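At position 76 of the sequence shown the residue is numbered 76 (full-length UniProt numbering), and the sequence of numbers has no breaks.
The beta-carbon is built from N, C-alpha and C at its ideal position, and this holds for glycine as well.
Keep in mind it's a predicted model, so treat the numbers as computed, not measured.
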Amino acid sequence: MLPDTELHNIDYSDFDDFCRVAGITLSISEIHGFMTGYMCSNRKTSSSERRRLYWDLITGDYDKVGSLEDEIVSKLDVLFNSTLEQLDEFGDYQFRILMPKDEENINQRMRALRAFCAGFLAALASVALNEEVSEVLVDIQSIAAVRDEMEETEDNESDFFQLVEFVRASVFFVFFEIATSN
């Protein structure tokens with residue numbers, strides 16, 4: 001069971017396992033990326049708007065609701081609100097991408113980063129963006145498209161860390177660029 005606290009306390013493996021058991025086909029990283037991109041242009045959404053977003057995202061069928069579905073929505077809302085809180089606190093730079101722990105295989109972590117990037121891009125696909133944001137999204141698209149397997153080396157770990165930090169910084173940039181343009 002996931003704790004109902006902030007994003008730093010949400011365990012990727014537990015959340016991903018929960019989603020798989022619930023029959024959700026998207027990875028939690030892709031869902032988190034989509035939510036993060038969505039909140040860049042929709043910071044102030046009602047609970048019912050978010051509920052519809054979650055259902056459209058995970059099932060495509062908003063009318064399918066039950067007790068497990070309510071638990072899923074509750075957990076996704078914790079993820080959404082925690083992420084939004086971290087982005088709103090830009091000065092602390094606390095935003096983190098929900099992905100496997102550093103001890104996990106680098107290829108598993110890279111797949112999660114790619115999925116996050118793909119979800120983030122999908123959420124912003126229909127948003128009017130300025131040139132600077134569009135350029136950053138091209139770089140994120142390049143990360144989402146990486147398909148090479150990586151060896152477990154210190155250089156690859158360092159490169160991966162730099163990619164994650166680039167994506168984090170890019171998310172902040174996009175979030176605040178869109179916020180200040182609205």
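Identity of the residue in the options nearest residue i by Cα
| i | options | result |
| --- | --- | --- |
| L113 | L57, S74 and V171 | V171 |
| residue 187 | Y12, V78, L79 and F175 | Summary: the structure shown does not reach residue 187, with the chain confined to residues 1 through 182, and so no result is reported for it. |
| S29 | I58, R52 and S142 | I58 |
| M150 | A144, D139, R109 and A128 | R109 |
| I72 | D17, F95, Y93 and D92 | D17 |
| L34 | E104, L79, E103 and D11 | According to the sequence provided, residue 34 is Phe. The question's Leu does not apply to it. Among E104, L79, E103 and D11, the Cα nearest to that of F34 belongs to L79. |
Neighbour-count burial assignment, residue i, 16 or more Cβ in a 10 Å radius
| i | result |
| --- | --- |
| Y54 | buried |
| A125 | exposed |
| D50 | A small fix is needed here, since residue 50 is Arg in this sequence, not Asp. So R50 counts as buried. |
| S181 | exposed |
| residue 185 | With the chain running from 1 to 182 in the structure shown, residue 185 is simply not present. |
| V65 | Note that V65 scores 48 on pLDDT, short of 50, meaning its location in the model is unreliable; the coordinates nonetheless yield the value given after this. Per the 10 Å Cβ criterion, exposed. |
| A145 | exposed |
| A118 | buried |
Beta-carbon proximity of residue i to residue j, cut-off 8 Å
| i | j | result |
| --- | --- | --- |
| H32 | F116 | yes |
| L84 | R43 | yes |
| E177 | N130 | yes |
The alpha helix (DSSP H) enclosing residue i, as first and last residue numbers
| i | result |
| --- | --- |
| M150 | First-last for M150: undefined, no H or E at that position. |
| V133 | E131 to A145 |
| G23 | First-last for G23: undefined, no H or E at that position. |
Interface flag, residue i vs chain B, CB-CB below 8 Å
| i | result |
| --- | --- |
| E131 | In the structure shown, chain B does not exist; there is a single protein chain. |
Closer than 7 Å: residue i CB and nearest the ligand ZN heavy atom
| i | result |
| --- | --- |
| Y93 | Ligands displayed in this structure: none; no statement on the ligand ZN is therefore possible. |
Output the residue ranges of the alpha helix (DSSP H) runs that lie fully inside the region 50-116 and measure 4 residues or longer, sorted by chain position. Listed in chain order, they are 67-88.
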